[in-house]
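Take a look at the structure below.
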Amino acid sequence: MEEDNAFDVFKWIVSVSDSKKAMVAVTFHGQTYNAELVLYGNLLSCAPSGDAMVPILFVIEGASVQRLELEDSPFACMLVFADPNDTLILRFDTEKARESWMIKLATCSHQMAKAQLDEMAYKFYTMSAKEGYDVDSTSANISSFYLTNPFKALHNFAISQQNNLPSRRVAFEEIMSESKLSIVLPLELSKLYKKWIIEFSSVLELRQRQWPSFAINSLHDMLREIRANAETLEQCVEFLENYSGSSFRKSTEKHRVAFAPVPTNLHHHQSTIDNRVTRVVLSCGTASALPLRFQHGGLCRIASLLEIERVYHDFPFWSKRQFLSELKKYVGQLSHRVDTEWTSGSVEVRSKLCSDLSSAIKSIFGRLKDIVAGITNVETYADMLVDEENRRLALGQNVDRRVPDGLQNQIDTIDAMVTSLTTKVAVMDNVADEQSRNEIYEKTVRDAICSSLDMLLTLADSVMEAQLFGLVMETQKSSHLYMHIQIRSDFVLSQAITIAATAVLNAVYSGWPVVDGFAKDLLLTICSFLSAYGDEKGMAEDAWEAWRQLEARAVFTLVRAPSQVSRTCIPLVSGHRTGINVSIPLPQDTYDNLPTELRSRSSIVVRPAFFNVGSFGGIVLETAINQEGAERVLTYSNRFGAGQDAREAAMELVNVVASEPSRKNLAIFEWAMAACELLRGQAVICCKSGKDRTGMAVTMEQGRVFRETCGLNASQLQEVIASLRRDGARRENCRKNVGKAVYSFSPFQMHFLPKIAGRNSLPPNRMSGEKVNGDELWQDKEIRFDVDHRMLRLVPGEVQIDRVDMVEDTKGNNGDRGVMRITNLRIIWYASSMPRINLSIGYSNITGLQSREVASKVRGTEVEALYVMARAPNSSTKFEFIFTAMTSGMHSKMFNTVNSVHRAYETTKLYRELKMRGAIVDDSANLKLLPLEQLVEKVTGVWNLSTDQGTLGCFVITNIRLVWFASTNSLYNVSVPYLQLFCCRIRESKFGLALVIETTTQSGEYVLGFRIDPSERLQQVCAAIQALHRASNLRPIFGVTFHKDKPPSPRENSVEQGNEQDEEGDGSEQKQLRTDAFAAYFSDGATASEERRPPVFSDELGLAVEQLKPGFTITDLWNIYVD
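Quick note on numbering: the sequence shown equals residues 1 to 1123 in UniProt numbering.
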């Protein structure tokens, strides 16, 4: 037994409840003493009971037990080990005890202990998880009070174990529900926003005849923008009041303005492992004003474009205005005290009242002076209003004087009044001491107090009026931008409040964190998966500002529902622009069972920590976001007395962010979720629409909890995550949003996903359901960077047309030589020194080919290069690739080959794409066969069932495609290549048996129905199409033909045959991999600076145009390049 773990083994044996124990007298090495014997398995512990001796641990292996009768103990036995000196004598009190222990000692061995362990492991791994397990028991915690439409998915996993242990069976249940607050709370907030903006509009409308004429145009511009915002809010309120759809905002509705206050795809996701470990996360689209677009970026960038003083921005402006309103209310309360307390008390009471009021007046005056000093140019704007009012008075007009004098004059007057009041109050104290009752002097003091309060009220009104006038003057050139920021902030704050309110209810029902008799604020960890490029960068900026405003402007209050039969949570909102109070009613029994510490709190503050993982093009932004989020988590853990594990997790999160705050650092997400769980916070996972990338992240978080609970290794974790993505609730989330249980990842989005979250863990066929035929072919339709070498292998039907060695990728890898392979589907380039750096450019993405001069590091001069202009599929992102050959002859060969093959690809789309209503039939009702096409069969009398009456036509079956055209109008036709055919089968319809043709997802997932009589003929046609479809899948015909001028030499043949082996060999790779391959190939160059090129005057056009890139002229823009 090793000394370092013997004591741990001893403590474990003593603590085991089912071990055999006895108190006997023992003799060992000549010493006799009383000891406690503990036998477990083949381990015997002997711990002295009274004497200070070290416990002894015996391993019973190869030992024998003998009966022993001693003079002092007739019921003894002897345990003999291999070493005679280690004999242990045990003295029992009864014969029964001796026999029982002798049997136990004689039968215990390593084999028996192992068998016992196997029995325990079997019971634990196969039976314990099932005892008392009720599928509905976990869902009982799901409250229908604020959640609805639950979807349950139950998974049973068999996890393999080491040491020949049986597989452990784990039951995993997930329940995805919609939040009832998704529509209700944004409606209430929209009504509150509408009320505010109408009140603001009314205030400004009253100033149209009071302010100077030079400010009226600016005032009208501001009113016009306010009315536009009011109309938008009215549309939102009207739409949400009449909305009768699902309880959440679908991702397909994310661009709808009427849905702008509503968070996208908000769902509550609960996961339970073996009915004992539960994890809840919220999933949704990022809190952003997506319907308002991002022409000038998100809130952060738009605010930087607002060229006004910071104090006039929305939140500072309303904060100071609200502070002035509170001061005015306080002045009113002081005036009320004078009226009610002056005559009701004695001289001492009035003296004390005067002292209190004098101190309060000094405090208010000091605050007002600070406000005046903190608002830029407010005194100047006040003087403008004073001059205007004086001018109107001089003209004999009736003027409602809102600013009777300049602010500085008012301050000087109040200063003198406060000094006089202080003196009078001090004298009044002396009078009181002399117990003299001078009513005249008391009246003088009271008048001084009232005059001071009136002047303070006038000063506050003057400052508010001057501030309002200053806002209109400051925004005279940017009123549209100012009001756009306001309504944008309102929309994103509405989404953030709705998400946070759902999180508050989650915390209430799962148990609010209470530490040392204090109910903590709620930590809300938000992890977003946005690319931080283009519109998604604007979304990240909106979300960042939204979660900041949530903490600064919103608080939550838990209240007792007024009715015992309340079944739906309908929050009430109130407050002002700088402070919104959301009152959340709870069922009476739930509220009564809340911790006393939580019920005693007047309000709850949500502490958000926002993170973004998946940056591309916005590294600076993502770095700032993640650093701030990590600091917020650390501050929360220090402030609210977190445990040691939680503090360590928060510190580790800070360290991870400090080491790599951007570039898809997945460790940020993992540690943020772990810290949130340990701090008993609530987690929110989001992306653009809360569907695809969010689904990947939610399953990753489930996998993290699964790994920590069940101890999975890396490969097991990947299998579990893939299973959850394939068969779990996230597929149902996709179906609820887009009508199909499929993830919709574009290649562009796939690049942004961290490898563990994305490509390596996706289930087969890219999660596209069962349709895998034509959808698996990506080679000609996508642009991929730095892919695995196996993805560069030629697929069936793909043929290498040419190979050009010593080609430089001048755009992305200037100075590196590589190999270009030109096939009938794509252009492949990979670096000779490091094949893992590679490109695959499908011909369908190419928008133009040119030959222009470029600076090459390899050639060391300006040389002709091949320019390939391309566009990402289903995106507006443009790329530019530049390839430079080593010699002019090689360049000509490369350019001509690529240009010719691309032109051949563009002219043969009928081989690969579905075509409707095309000129594919001649005047004789015969199909115009393609060059490689062979007619197989022509079937007449085929009815197209797309209409209720049906259309009679003709089927033409070839080796490449299936064509149907109408007998009366040959232009009414459809051509379905086998590459786009998903399946062909016979199904029952209202017309009887019908031939059903289903196309792939790439071609639009059409379902075409045809009727053929008799049924025997229908069976024959269906069998023929299925056979041709299978043959096409084995060896497809893409239609791109080529002819070489001369046959390749034996050396060229051997080189081409060795291509596959060249790609697989990694060699001695010393070069560092590219961190972001996409950024190197954008058509506008690097993305480090996102500023547009400045406009310049064009003498040729007579207009101001954007400055052209080097190497381009105005003439080039008008040229059409053809071969």
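All C-beta atoms, glycine included, are put in the ideal place defined by N, C-alpha and C.
Since the model is a prediction, treat every value here as computed from it, not as a measurement.
Excluding the 5 residues flanking residue 35 on each side, which residues of the same chain have their C-beta closer than 8 Å to its C-beta? Taking the sequence shown and counting its residues from 1, one reaches residue 35 at position 35. Only 23, 24, 25, 26, 46, 47, 48 and 49 meet the Cβ criterion.
Since I believe residue 283 is in contact with residue 269 (beta carbons under 8 Å), could you give me their beta-carbon distance rounded to a whole number of angstroms? The sequence position of residue 269 within the sequence shown is 269, counting from 1. The sequence position of residue 283 within the sequence shown is 283, counting from 1. At roughly 6 Å, the Cβ-Cβ gap stays under 8 Å, so residue 269 and residue 283 are in contact.
Which class does residue 608 belong to by DSSP, given the choice of helix, strand or coil? Reading the sequence shown from its first residue, position 608 is the one you call residue 608. Looking at residue 608 - three-state DSSP - the assignment turns out to be strand.
Return helix, strand or coil for residue 798, following the three-state DSSP convention. Against the sequence shown, residue 798 aligns to sequence position 798. Correct three-state label for residue 798: coil.
Taking buried to mean at least 16 other C-beta atoms within 10 Å of its own C-beta, is residue 31 buried or exposed? Counting from 1 along the sequence shown, the entry for residue 31 is found at position 31. The residue in question, residue 31, is exposed, as its Cβ has fewer than 16 Cβ neighbours within 10 Å.
For residue 1104 and residue 295, what's the separation of their Cα atoms in angstroms? As a first step, residue 1104 is located in the sequence shown; it is residue number 1104 there, counting from the start. As a first step, residue 295 is located in the sequence shown; it is residue number 295 there, counting from the start. If I take the Cα positions, the gap works out to 21 Å.
Which class does residue 1072 belong to by DSSP, given the choice of helix, strand or coil? Residue numbering aside, residue 1072 sits at position 1072 when the sequence shown is read from its first letter. Because residue 1072 carries a pLDDT of 44, less than 50, the predicted location of this residue cannot be relied on, and the following value inherits that uncertainty. Three-state DSSP puts residue 1072 in coil, outside helix and strand.
Rounded straight-line distance, which links the Cα of residue 870 to that of residue 1118: Taking the first residue of the sequence shown as position 1, residue 1118 is located at position 1118. Taking the first residue of the sequence shown as position 1, residue 870 is located at position 870. Near 19 Å, if we compare the C-alpha coordinates of residue 870 and residue 1118.
Limits of the unbroken alpha helix (DSSP H) element including residue 1033: Here residue 1033 refers to the residue found at position 1033 when the sequence shown is read from its first residue. Where residue 1033 is concerned, the enclosing alpha helix (DSSP H) stretches over 1015 to 1034.
Under 8 Å, do residue 920 and residue 1028 count as touching if we go by C-beta distance? Walking along the sequence shown from the start, residue 920 turns up at place 920. Walking along the sequence shown from the start, residue 1028 turns up at place 1028. No, the Cβ-Cβ distance between residue 920 and residue 1028 is not below 8 Å.
Check residue 655 in the structure and name its three-state DSSP category. In the sequence shown, residue 655 corresponds to position 655, counting from 1. Helix at residue 655.
Neighbourhood of residue 1049 by C-beta, 7 Å cutoff - its chain only, sequence neighbours within 5 removed: The sequence position of residue 1049 within the sequence shown is 1049, counting from 1. Reliability fails at residue 1049, whose pLDDT of 46 lies under 50, so the model's placement of it is uncertain and the value that follows must be treated cautiously. So no residue of the chain qualifies.
Segment limits, beta strand (DSSP E) that includes residue 686: Working through the sequence shown from its first residue, we reach residue 686 at position 686. Residues 682 to 687.
Can you tell me whether residue 194 is buried or exposed, with buried defined as 16 or more other CB within 10 angstroms of its CB? For the purposes of this step, residue 194 is identified with residue 194 of the sequence shown, where counting begins at 1. Classification for residue 194: buried.
For residue 267 and residue 678, what's the separation of their Cα atoms in angstroms? Within the sequence shown, residue 267 is the residue found at index 267, counting from 1. Within the sequence shown, residue 678 is the residue found at index 678, counting from 1. Using only the alpha carbons, I get a separation of about 22 Å.
Rounded C-alpha distance that separates residue 539 from residue 459: One-based indexing of the sequence shown puts residue 539 at position 539. One-based indexing of the sequence shown puts residue 459 at position 459. The straight-line gap from Cα to Cα measures roughly 42 Å.
Buried or exposed for residue 874, going by 16 or more other Cβ atoms inside 10 Å? Walking along the sequence shown from the start, residue 874 turns up at place 874. By the neighbour-count rule (16 or more Cβ atoms within 10 Å), residue 874 is not buried but exposed.
According to the Cβ coordinates, are residue 842 and residue 779 closer than 8 Å? What you label residue 842 is simply residue 842 of the sequence shown in a count that begins at 1. What you label residue 779 is simply residue 779 of the sequence shown in a count that begins at 1. Yes, the pair counts as a contact, with Cβ atoms nearer than the cut-off.
Assuming the contact rule is C-beta atoms closer than 8 Å, residue 903 and residue 977 should be a hit. Round their C-beta distance to whole Å, please. Position 903 of the sequence shown, counted from the first residue, corresponds to residue 903. Position 977 of the sequence shown, counted from the first residue, corresponds to residue 977. The pair is not a contact, with the Cβ atoms about 20 Å apart (cut-off 8 Å).
Alpha carbon to alpha carbon, what distance is there between residue 597 and residue 453? Position 453 of the sequence shown, counting from 1, holds the residue named residue 453. Position 597 of the sequence shown, counting from 1, holds the residue named residue 597. When rounded, the distance between both Cα atoms is 40 Å.
Quick one: what does DSSP say residue 150 is sitting in, helix, strand or coil? Position 150 of the sequence shown, counted from the start, is the residue given in the question as residue 150. If DSSP states are grouped into helix, strand and coil, residue 150 belongs with the strands.
Which full runs of the beta strand (DSSP E) of 3+ residues lie inside the UniProt domain "BBSome complex member BBS5 PH" (933 to 987), going along the chain? 935 to 944, 951 to 958, 961 to 966 and 973 to 977
Does DSSP put residue 272 in a helix, a strand or coil? To locate residue 272, count along the sequence shown from 1; it is residue 272. Here residue 272 sits in strand by DSSP.
With which residues is residue 623 paired in a DSSP beta bridge? The sequence position of residue 623 within the sequence shown is 623, counting from 1. In the DSSP output, where bridge partners are listed per residue, residue 623 has none listed.
Have a look at residue 642 and residue 630 and give me their C-alpha separation to the nearest angstrom. Numbered from its first residue, the sequence shown carries residue 642 at position 642. Numbered from its first residue, the sequence shown carries residue 630 at position 630. Roughly 15 Å between the two C-alpha positions.
Using 8 Å as the threshold, is the C-beta distance between residue 573 and residue 559 below it? Here residue 573 corresponds to residue number 573 of the sequence shown, with the count starting at 1. Here residue 559 corresponds to residue number 559 of the sequence shown, with the count starting at 1. No, they are not a contact pair.
Which same chain residues end up closer than 6 Å to residue 340 when comparing Cβ atoms and leaving out the 5 residues on each side of it in sequence? Position 340 of the sequence shown, counting from 1, holds the residue named residue 340. Closer than 6 Å at the Cβ level, and outside the excluded window around residue 340, lies no residue.
Return the first residue and the last residue of the alpha helix (DSSP H) that residue 186 is part of. Numbered from 1 along the sequence shown, position 186 holds the residue referred to as residue 186. From DSSP, the alpha helix (DSSP H) with residue 186 extends over 181 to 205.
Compute the Euclidean distance between the alpha carbons of residue 227 and residue 221, then round it to the nearest angstrom. As a position in the sequence shown, residue 227 is number 227, starting the count at 1. As a position in the sequence shown, residue 221 is number 221, starting the count at 1. Rounded to whole angstroms, residue 227 to residue 221 spans 10 Å at the Cα level.
For residue 176, I'd like the list of residues in its chain whose CB is within less than 6 Å of its CB, leaving aside the five on either flank, ordered along the chain. Sequence index remark: in the sequence shown, residue 176 carries index 176 (1-based). For residue 176, where only same-chain residues beyond five positions count, the Cβ hits under 6 Å are 151, 267, 269 and 729.
Per DSSP, what kind of secondary structure is residue 395 in: helix, strand or coil? Taking the first residue of the sequence shown as position 1, residue 395 is located at position 395. Here residue 395 sits in coil by DSSP.
Taking all protein chains shown into account, do 16 or more other C-beta atoms lie within 10 angstroms of the C-beta of residue 85, making it buried, or fewer, making it exposed? In the sequence shown, the residue the question calls residue 85 occupies position 85. With fewer than 16 other Cβ atoms within 10 Å, it is exposed.
Exposure of residue 1106, with buried meaning 16 or more beta-carbon neighbours within 10 Å: Here residue 1106 is taken as the residue at index 1106 of the sequence shown, counted from 1. Per the 10 Å Cβ criterion, exposed.
Less than 8 Å between the CB atoms is what I'm expecting for residue 286 and residue 543, so what's the real figure, rounded? Start at 1 with the first residue of the sequence shown, and residue 286 comes out as number 286. Start at 1 with the first residue of the sequence shown, and residue 543 comes out as number 543. About 5 Å; that satisfies the 8 Å criterion.
Which of the three DSSP states is assigned to residue 693 in this structure? On the sequence shown, position 693 is the one that residue 693 refers to. Helix at residue 693.
Roughly how many angstroms separate the alpha carbons of residue 462 and residue 602, rounded to a whole number? Taking the first residue of the sequence shown as position 1, residue 462 is located at position 462. Taking the first residue of the sequence shown as position 1, residue 602 is located at position 602. So the two alpha carbons sit approximately 34 Å from each other.
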